[in-house]
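In what follows, a single structure is set out as structure tokens and then discussed.
There are 2 protein chains.
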Amino acid sequence: MKWRKYFIPTTKETPKDATAASHILLLRAGLARQLAAGIYSYLPLGLRALRKAENIVREEMDRAGAVELRMPCLTPTTLWEETGRLETMSDILLRIDGSVGDWATGLVLGPTHEEIITDIARAYLKSYKQLPINLYQIQLKFRGEARPKSGVLRTREFLMKDAYSFHHDLETLDKEYENMYATYCRIFKRCGLPYTVVEAESGAMGGDVSHEFMVMTDAGEDLVAISEDRVYAANLERAAAAPPEAGQDDDTFAELEEVHTPGAGRVEDVCAVLGTQPRQMIKTLIYTGVAPASSRFDSDVAPASSRSEAVRVVALVRGDHEINEFKLAKAAGMMLELADPETIEEVTGALVGFAGPQGLVDKIDKLIIDREVTVLRDAASGANKTDYHVTGVNPGRDFPLDSAGTGPGRYGEKVVVADIRNVVDGDPAPIESRSPLHLRTAIEVGHIFMLGTKYSDSMGATCLDKNGRARPLIMGCYGIGVNRIMAAAIESHHDENGIIWPMSLAPFEVLVIALDSKDERANKVALEVHDELAAAGIDVLLDDRDERAGFKFKDADLIGIPLRVVVGKKSLAAGGVEVTERGKESKEIMPPEAAVEHVTKLVRQELNKLAQ
Amino acid sequence: MKWRKYFIPTTKETPKDATAASHILLLRAGLARQLAAGIYSYLPLGLRALRKAENIVREEMDRAGAVELRMPCLTPTTLWEETGRLETMSDILLRIDGSVGDWATGLVLGPTHEEIITDIARAYLKSYKQLPINLYQIQLKFRGEARPKSGVLRTREFLMKDAYSFHHDLETLDKEYENMYATYCRIFKRCGLPYTVVEAESGAMGGDVSHEFMVMTDAGEDLVAISEDRVYAANLERAAAAPPEAGQDDDTFAELEEVHTPGAGRVEDVCAVLGTQPRQMIKTLIYTGVAPASSRFDSDVAPASSRSEAVRVVALVRGDHEINEFKLAKAAGMMLELADPETIEEVTGALVGFAGPQGLVDKIDKLIIDREVTVLRDAASGANKTDYHVTGVNPGRDFPLDSAGTGPGRYGEKVVVADIRNVVDGDPAPIESRSPLHLRTAIEVGHIFMLGTKYSDSMGATCLDKNGRARPLIMGCYGIGVNRIMAAAIESHHDENGIIWPMSLAPFEVLVIALDSKDERANKVALEVHDELAAAGIDVLLDDRDERAGFKFKDADLIGIPLRVVVGKKSLAAGGVEVTERGKESKEIMPPEAAVEHVTKLVRQELNKLAQ
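Respectively, the protein sequence lines represent chains R and D.
So that you can map any letter, position 59 of the first sequence is 59 in my numbering, and since no number is skipped, the others follow by simple counting.
So that you can map any letter, position 254 of the second sequence is 254 in my numbering, and since no number is skipped, the others follow by simple counting.
Pasting the structure below:
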């Protein structure tokens, strides 16, 4: 490909509002252009990288035995009603308006395709003999992101590989989950991404076993907890610390004592007045929720609004800890919302900011105590009296634990001890080593889920088992953000001058630079090198522009083609052409034919290395 | 690929409402599944065919020097406002509703991308030195079709190749138009389509030179006029007949005579009463329109509602002819609508159905006479009096022609003689041979347009010429319906048993059938043949299902893989495997290794033949 016939609008300007390296370089290197908030055009160079990622994903999915199909972007709302997600996902579902006709309001742009594939499954997968099968597509997805950001990391339209496996038993689901896990590892390695696999929450997808494939980078929007020994990794929603060790077993419990703390609502302010630390305080948070019809916990938690009986729940965490809403919902068995000030005042008898656990249990429906709170001694808390706190609060004495133990679990109907907090930096990992956890930001590039029968149950997708009985299909699902692969590659591989593409994603593998457009001999040699590389199947770009050498080198660094062959008067005088690698210092002068051979070998070697 | 691990849900049932062969076979062969009206999932076999078509299009566009990029499906309404198409295309634009936030109402799903590419062009194409350039994408498009039908021929979501070329002079536009014309011929030939190129109207796209690439088939939704000698072809909107020959130049003109024709509004009824033929009648149609601000004719005709001054227009065509709205709008210089009954009564003084040209010219703003009407003698028409017609109507005597000539043209401000009718079967073609025209139905698979400066003018997309002056970019655009390639291939290549794929689009090139799943030796040979063909780069499917031979043959015919290798007891006893071609009678038994070689050669030969 010749640069002059191509379209690479590089720019020196750093786009305003862009802070992530991938975002800045995406725009500066002419890979993409924003059309609207969270909506990008892929310019030729960006599209080449995106399609390379797409092809790697496709090749590896095919190799893993998955079968490709393609579902539409426009999907009928009726299917989303069957699973209830028309309502539960309404904040991100883009719906079509009725200006062309009422029929259009029955359509929604799919942000994911569980409903659609399950509809296909119930139509065609009738017998266990057809199972297991893993159906996938690489297709555009649409999400009504309220605040899209960071270039192509969080957008309203994106390319996704989504796969859905169907099973008649858990054994084959386990096996396919492992198959996909291994396939994802291969995919991300081939793409040159330094990825980490973490345990994850399933969220709106449902199911209970789930892993995310993360690329650690400052630009990431997800938080991951990794143990220092790298044995344990989980996303923040899921990550747990090792259970706390029991406190000293002495008898010296301080007495409850009220302290006047006028206007001190925040933990820091209270600590200043009481002369204590946040880790010695108990935060008392009041929630309201709606108990589900069935008391059995189920990961498919109903939204607060759709059930009937309103309940009051109090959650206790240490003053230096934050509530984890996912864990809290699990412990409560229902979705919860922070109570409004009126309810808080009614429950505590005080203004907001002065709640404490003592004496509350009779006024509420459920008390959920974080494990770390159970081992506190002589803690401080709100006094349930406006402008007052108390010191000397002791769990088990001043509020019930229903057990003096420290492990997680359920202690009766009303009082629950559980892990309901986010881990913090330095927490011991929940593994034998108790290696300290560290929190890092990451880009989620892949996510795999064991869904179970969530969708097949609600949509009536069954197949006949060996005995001729209809059983709900058991499902797994497996997603990869293709655009994010590209962005994560840039985040992981760049320097101050531009991108350093992994060979497998590079829009072009080799850049040939004719240094001086007036030098006919150099131009001729450059063109020959280009043509021979192209004939050898190498993706090669020839910079044949009528520009200064310095300008060309700056653009070369910016667009980040891994290998470079420079042809100029100087190199020819020194015996040939100069071969360099992007991001490395080494230079080598060799005859043009040797350079073609050498560069071809380097490309193949690097691609093989990534694919191993 | 092994059938048992794959997903090909064939069915014997002919889907209700499906009449087109491509529609029926699409569903029966398990290529696609309808998700909602005009919205299809491509099942694995259908997706493979679709992607083969897509790849052929991409390869040929690349070879032609076009540069691929990818624009989003979600596009901002602001760009559509700039060209006025948010209003003029409002009947097919799918807009996003505001349920996720008001921002979403600013988005529309692109049915075509002139506005988006012109926005990219005005951002980056600043100098004539960057031109010409042809930017293309292969991407989903969305259209709010009121009545989608015929399977994937007319859908609400479809895959399209759309290319847009930019120029600073007409010479390079002409050259690129020819380049695309030739490229389209290559593409459709490679896809095995028997296509015809026809002159076309540009319609909503704008511009004046335009060609459609048509595949003739009964299932087509477009009408094409082709001369018997195949020299002339145009779509119905565009097709013209040769001008009429002047009538006899004698002096015997009949007098106008009123005839009582109570209740006879339709042409046939009137003819019955008058004892004449439709071809001797003049149909008098009354329209209303809004004159454009500028009187200059311009293909970018404004909608009737957006301008100010309302006018009344009368159009005359022969009783056996139909008005062509495109031609009428051109002749009138504005968009027209049929007048309401009140206006008709006001103009004619009679109820609807009794209008005639005599005496009307003073009551209207414009009289447009079809060329064929000018050569009528002693014709019949409405009497402008309820329940009466007249005979002996003579053009030039009873209504003005402003010239006795027969050629098209403009005769003064008020009276216009022009070609404003649809051609009919048997009309002489407008070429020297006057070969008779025949009307045929066709599928439009491609369409190329010279757009000129329609979009660059309204969006202010200019580039600097050699003298440093800003000039509007000159544009061409070039579309291909990728799904339609697949449907047209099925329409053109099938028999009563199923599809007969062209080799280039075939989901698999070779089908190996192991006839009896209990016959281990045959199974082993079939597997070996499959593996060796796959190793040779052939797309091969192995029917390894535990089904009866007859069932397998029926499915084989249905899914239409071009080459078949059958392995059974009988063939092995006869010395090997049986090689057949779909749709042909010939059978050949040969040793397995020879069959692999033979079949590989046949595939390559056929692909080369199509690509020539």
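For glycine and all other residues, C-beta sits at the position ideal for the given N, C-alpha and C.
Interface with chain R (7 Å Cβ-Cβ cutoff): residue 108 of chain D is excluded. Of all alpha-carbon atoms in R:223, R:577, R:568, the one lying nearest the alpha-carbon of residue 197 of chain R is that of R:223. Close partners of residue 146 of chain R in chain D (Cβ separation under 8 Å): 100, 101. For residue 389 of chain R, the enclosing beta strand (DSSP E) begins and ends at 388-393. What residue 22 of chain D touches in chain R, judged by beta-carbon distance under 8 Å, is nothing: the nearest beta carbon there is about 18 Å away. In this structure, DSSP gives residue 47 of chain D a helical state, which the three-state scheme calls helix. Rounded to whole angstroms, the gap between the alpha carbons of residue 383 of chain R and residue 397 of chain R is 15 Å.
Using a Cβ-Cβ cut-off of 7 Å, residue 127 of chain R does not count as an interface residue toward chain D, since no Cβ of chain D sits closer than that to its own.
Under the Cβ distance rule, residue 71 of chain D counts among the residues neighbouring chain R, one pair being separated by less than 7 Å. C-alpha of residue 353 of chain R to C-alpha of residue 97 of chain R: approximately 45 Å in a straight line. If you look at residue 75 of chain R, you'll find it in the beta strand (DSSP E) that goes 74-76.
Spanning the alpha carbons of residue 126 of chain R and residue 462 of chain R requires a straight line of approximately 7 Å. Taking 7 Å as the upper bound on Cβ-Cβ separation, chain R lies near residues 42, 43, 44, 47 of the segment 42-53 of chain D. The closest CA to that of residue 19 of chain D, considering only D:142, D:153, D:57, D:72, is found on D:153.
In this structure, the straight-line span from the alpha carbon of residue 162 of chain D to that of residue 538 of chain R is close to 27 Å. In the three-state reduction of the DSSP assignment, residue 429 of chain R falls in the coil class. For residue 441 of chain R, the secondary structure class from DSSP, reduced to helix, strand or coil, is strand.
Within chain R, the residues whose beta carbon sits less than 8 Å from that of residue 67 of chain D are 5, 6, 7, 44, listed in sequence order. Residue pairing by DSSP places residue 462 of chain D opposite D:472 in a beta bridge. Contact between residue 128 of chain R and residue 465 of chain R holds: their C-beta atoms lie close to 5 Å from each other, under 8 Å. Along the length of the segment 64-103 of chain R, whole beta strand (DSSP E) runs at least 3 residues long occupy 74-76, reported in chain order. By the C-beta density criterion, residue 231 of chain R is exposed, having fewer than 16 other C-beta atoms within 10 angstroms.
Not a single CB atom of chain R sits nearer than 7 Å to the CB of residue 421 of chain D. Remark: three or more beta-carbon pairs, one from each stretch, lie closer than 8 Å, so the segment 472-491 of chain D and the segment 140-159 of chain D are flagged as touching. Check the Cα spacing between residue 133 of chain D and each of D:459, D:176, D:94: the tightest is with D:176. With 16 or more other Cβ atoms from the protein chains shown falling within 10 Å of its own Cβ, residue 143 of chain R counts as buried.
According to the DSSP secondary-structure assignment, residue 216 of chain D is paired through a beta bridge with D:442. A Cβ-Cβ distance of about 5 Å is found for the pair residue 371 of chain D and residue 419 of chain D, placing them in contact under the 8 Å criterion. Distances from the CA of residue 4 of chain R to each of D:31, D:65, D:6 were compared; the closest alpha carbon is that of D:65. Boundaries around residue 605 of chain D are those of the alpha helix (DSSP H), 592-611, since no beta strand (DSSP E) includes it. With respect to residue 595 of chain R, residue 577 of chain R sits close: the two C-beta atoms are nearer than 7 Å.
Relative to the Cα of residue 169 of chain D, the nearest Cα in the group D:130, D:92, D:473, D:376 belongs to D:473. Between the C-alpha atoms of residue 507 of chain R and residue 534 of chain R there is a straight-line separation of about 14 Å. Take the alpha-carbon of residue 11 of chain D and the one of residue 455 of chain R: they are about 26 Å apart. In the structure shown, the three-state DSSP call for residue 530 of chain D is helix. Rounded to whole angstroms, the Cβ separation of residue 491 of chain D and residue 443 of chain D is 7 Å, and the two are in contact under 8 Å.
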